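Once you know that position 68 of the sequence shown is 67 in numbering that gives the first Met the number 0, the rest is easy, because the numbers rise by one and skip nothing.
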Amino acid sequence: MKKFTKETKEEMIGRIQFFFLNERGEEIGNLAAEQFLDFISDEMASYFYNEGIEDAIKSLQSRMENLEEDLYTLKKTHHK
0 MKKFTKETKE EMIGRIQFFF LNERGEEIGN LAAEQFLDFI SDEMASYFYN
50 EGIEDAIKSL QSRMENLEED LYTLKKTHHK
């Protein structure tokens, strides 16, 4: 699991607690929220990471296509 700064981890724990309270009406403590965060990080992070990689690949492919088109427009015609 990626090591987050103390401040970032505290913020994420607070957001988890806020979610549980507002969406489920459940008040959970810091330990439960931290365990939930650890579970998500350990078990689910690779799905989000891989989706991010796929998005980056698509973005790069799109940029490369645009670059290729731009380069073709720069080609000069031969005059005889």
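Virtual Cβ for every residue (Gly too), placed ideally from N, Cα, C.
Just so you know, these numbers come straight off a predicted model, no measurement behind them.
Please report the straight-line C-alpha distance between Tyr71 and Thr4, rounded to a whole angstrom.
Counting from one through the sequence shown, the residue named residue 71 turns up at place 72. Counting from one through the sequence shown, the residue named residue 4 turns up at place 5. Each residue's alpha carbon lies about 47 angstroms from the other.
Helix or strand or just coil, what does DSSP make of Phe82?
A question about residue 82 goes unanswered here, because the residues of the chain that appear run from 0 up to 79.
At which residues does the alpha helix (DSSP H) containing Gly82 begin and terminate?
Lying outside 0 to 79, the shown extent of the chain, residue 82 is not represented and no answer is given.
Assuming Glu33 is part of the alpha helix (DSSP H), what are its boundary residues?
Working through the sequence shown from its first residue, we reach residue 33 at position 34. Looking at the DSSP string, the run of the alpha helix (DSSP H) that includes Glu33 is Asn29 to Phe38.
Report buried or exposed for Ala32, applying the criterion of at least 16 other Cβ atoms within 10 angstroms of its Cβ.
As a first step, residue 32 is located in the sequence shown; it is residue number 33 there, counting from the start. Flag for Ala32 reads buried.
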